[in-house]
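Protein chains in written order, with the working numbering: chain C, 103 to 390; chain Z, 2 to 389.
Using N, Cα and C, we set each Cβ at its ideal position, and we do this for glycine too.
Here's the structure we're looking at; comments come further down.
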């Protein structure tokens with residue numbers, strides 16, 4: 103295995119990867135690797151100082167991203183990536199913080215932290231890989247599972263209506279909200295790069311095939327079939343009211359950049375209201 | 002707006018506030034918390050004091066988030082703490098385990114109130130002592146200190162930060178409602194007189210570096226986020242590279258080390274105070290506010306000519322096994338006084354191992370243990386004939 107690895111030519115992303123940890127654990131056809139590639143490409147494109155970049159993940163398939171990226175990376179507890187990242191960012195405002203985790207981690211067990219970090223406008227980029235179920239544990243119901251879809255814990259179909267994560271992020275005050283699928287790799291990469299340039303709480307949701315669990319139980323076919331579905335059903339609707347940004351497999355999968363606005367961050371207000379510092383002084387301090 | 006971190010002087014101050022002053026004197030510059038009686042005064046004082054010294058105070062959405070945030074801040078290089086009471090302490094348990102596993106320095110002050118559940122929010126208890134030891138899942142060692150006065154809230158909070166930085170372990174300050182709320186004389190010394198310990202950083206280049214390779218004391222030299230080492234930190238079982246390894250060998254290596262780094266440094270960590278042990282026939286063991294009652298009872302008994310001694314536990318975890326073992330050999334009986342239905346008494350019984358009887362003076366919480374009750378315990382233990 104090791105011998106074979108040595109024969110391979112270096113990958114252009116190698117400097118961003120913990121190559122000694124490859125192969126990764128993701129299933130064949132899983133979209134997380136594609137999203138991960140998009141994040142790496144966005145980082146490369148943005149030319150951030152890699153020593154001043156950190157990734158924080160929770161638990162789950164997507165949570166493993168932190169283990170493969172070669173920047174300071176933290177694989178925390180289930181649902182707690184955002185509050186961990188909050189502490190990190192507030193202690194080190196000069197570090198760019200990316201949170202990458204799954205839909206269950208960020209919106210079920212970690213839902214409370216998501217809404218409050220967005221409300222406080224903590225400066226971080228949250229990337230949610232939404233595979234519509236809990237993949238790591240074998241495919242259970244998630245807060246994203248569409249009504250009537252099957253999982254191992256909803257064998258007759260889910261009796262719950264799912265969250266619209268983008269609408270939630272928007273109403274909680276995120277400064278940047280976008281949704282793409284694992285098929286929209288270029289638009290996704292650009293969107294992640296754009297989100298990382300924002301000061302404040304930015305959010306990118308990526309719809310992603312999970313052929314081993316969600317796809318199989320709902321007879322969606324192979325990963326390629328799911329990508330075909332994304333291709334056929336996705337409609338780009340930039341700047342649309344997020345209430346109307348639905349994910350409907352028999353209708354439209356609405357993707358696009360929905361929100362791009364400016365708001366003072368927690369640290370901005372902390373400096374002016376709590377520390378009585380002039381805002382100019384903050385921006386000087388923030389860039390130190 | 003900028004104020005001194007160490008406000009030298011003599012104050013009339015409550016324990017919760019003294020804890021904050023100790024924390025800031027120790028270098029704490031990040032606090033995340035959630036309001037809860039009787040620990041709210043810690044958060045309130047921190048919200049005033051931290052901005053004055055260039056630190057960050059944030060009220061999180063719950064205690065789970067508070068605990069997660071102080072870990073993030075600690076990896077950002079800040080000395081960080083949170084404070085809480087029983088219900089919040091329960092919520093913090095999972096991330097206390099993350100701190101243990103990832104070896105993240107941090108301090109948690111638990112101003113104990115009576116439980117279980119919501120219990121008696123405004124009244125004293127010492128019912129979280131075993132939770133402090135075993136509350137997070139898996140097997141680990143932890144450090145817990147028990148202050149018995151506002152002055153000790155100041156002193157032991159500094160010690161908590163120092164131990165946490167030195168051994169890279171969460172340190173618990175197991176205070177109680179009375180110690181937290183009572184106002185007493187607190188002497189804050191000159192900054193130069195306060196010993197401060199800071200975490201040790203890696204001494205080799207990032208290329209030659211293994212983050213979780215321990216130093217001779219069993220403690221790894223870890224960088225802060227942003228130091229250029231680009232390390233991976235995980236709550237999964239990991240090897241010296243910090244990478245997840247899913248097998249029993251890696252588990253044994255990691256768990257044995259994080260347990261042994263505390264066990265093998267017990268002498269450095271454990272602090273107790275002993276009174277009148279030389280000729281004592283009966284020895285009382287107490288900690289926190291109950292130490293104050295015990296001391297009053299023991300002093301009075303001594304004045305009446307009774308041969309009684311007293312041990313105060315300043316470090317409750319790791320437990321001072323050697324001391325209790327050796328004292329148990331010399332005395333007729335040990336008495337443990339604590340505000341719960343019997344927790345640290347189990348440790349005392351374990352260490353006494355039948356060498357002498359161990360009596361418990363306790364109640365379920367809500368008020369302090371009155372000195373008279375401890376005095377009664379002393380008298381009856383002295384009278385009792387030893388069964389063979």
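- Residues of chain C whose Cβ lies closer than 7 Å to the Cβ of residue 52 of chain Z are, in chain order, 376, 377.
- In its chain, beyond the 5 residues on either side, 329, 332, 333, 334, 335 have a beta carbon closer than 7 Å to the beta carbon of residue 357 of chain Z.
- Taking all protein chains shown into account, residue 348 of chain Z has 16 or more neighbouring C-beta atoms within 10 Å of its C-beta and is therefore buried.
- Close partners of residue 188 of chain C in chain Z (Cβ separation under 9 Å): 33, 59, 61, 66, 69, 70, 73, 74.
- With contacts defined by Cβ atoms closer than 8 Å, residue 299 of chain Z and residue 277 of chain Z form a contacting pair.
- In this chain, the beta strand (DSSP E) harbouring residue 176 of chain C covers 174-177.
- For residue 278 of chain Z, no chain C residue has a C-beta closer than 7 Å to its own C-beta; the minimum C-beta separation is roughly 44 Å.
- In this structure residue 344 of chain C is in contact with residue 269 of chain C, their Cβ atoms being roughly 4 Å apart against a cut-off of 8 Å.
- Taking C-alpha positions only, residue 293 of chain C is separated from residue 113 of chain C by approximately 23 Å.
- In this structure residue 247 of chain Z is exposed. Its beta-carbon is surrounded by fewer than 16 other beta-carbon atoms within 10 angstroms.
- Within the region 231-287 of chain C, the complete alpha helix (DSSP H) segments at least 4 residues long are 267-274, listed from N- to C-terminus.
- Where residue 144 of chain Z is concerned, the enclosing beta strand (DSSP E) starts and stops at 144-146.
- Distance from residue 176 of chain C to residue 234 of chain Z at the Cβ level is roughly 5 Å; contact confirmed, criterion being Cβ atoms closer than 8 Å.
- Boundaries of the alpha helix (DSSP H) around residue 260 of chain Z: 249-264.
- For the alpha helix (DSSP H) assignment, the uninterrupted runs of no fewer than 4 residues enclosed by the region 282-327 of chain Z are, from N- to C-terminal side, 290-304.
- Counting every other CB atom within 10 Å of its CB across the protein chains shown gives residue 309 of chain Z a total of 16 or more, marking it as buried.
- Against chain C, the beta carbon of residue 136 of chain Z has no neighbour under 7 Å; the closest one sits roughly 15 Å away.
- Between the alpha carbons of residue 182 of chain Z and residue 283 of chain C lies a distance of about 55 Å.
- Residue pairing by DSSP puts residue 175 of chain Z in a beta bridge opposite Z/111.
- Residue contact check for residue 343 of chain C against chain Z: no CB pair falls below 8 Å.
- The shortest CA-to-CA distance from residue 18 of chain Z to any of Z/256, Z/176, Z/92, Z/129 is the one to Z/176.
- Close to chain C, meaning a Cβ-Cβ distance shorter than 7 Å, are the following residues of the region 200-227 of chain Z: 226, 227.
- Assignment of alpha helix (DSSP H) within the region 335-370 of chain C, counting only whole runs of 4 or more residues, yields no such run.
- Collapsing the DSSP output to three states places residue 182 of chain Z in a helix.
- In the DSSP annotation of this structure, the continuous segment of the alpha helix (DSSP H) that includes residue 154 of chain Z starts and ends at 151-168.
- Taking the CA atoms as reference points, residue 329 of chain C sits about 49 Å from residue 200 of chain Z.
- Shown here is that no member of the region 124-138 of chain C has a Cβ falling below 8 Å from a Cβ of chain Z.
- Taking 8 Å as the cut-off, the Cβ atoms of residue 346 of chain Z and residue 359 of chain Z count as close.
- Under the 10 Å beta carbon count, residue 93 of chain Z is surrounded by 16 or more other beta carbons and is classified as buried.
- If you look at residue 82 of chain Z, you'll find it in the beta strand (DSSP E) that goes 80-85.
- Using beta-carbon distances, residue 176 of chain C counts as an interface residue toward chain Z, with a partner under 8 Å.
- Taking the CA atoms as reference points, residue 180 of chain C sits about 21 Å from residue 225 of chain C.
- Taking a Cβ-Cβ cut-off of 9 Å, the neighbours of residue 192 of chain C in chain Z comprise 31, 33, 57, 59, 70, 73, 74, 77, 79, given in sequence order.
- Taking 8 Å as the threshold, the shortest C-beta distance from residue 197 of chain C to chain Z falls below it.
- The alpha helix (DSSP H) runs of length 4 or more contained entirely in the region 175-201 of chain C are, from start to end of the chain, 183-193.
- Between residue 220 of chain C and residue 201 of chain C the beta-carbon gap is near 12 Å, outside 8 Å, which marks them as no contact.
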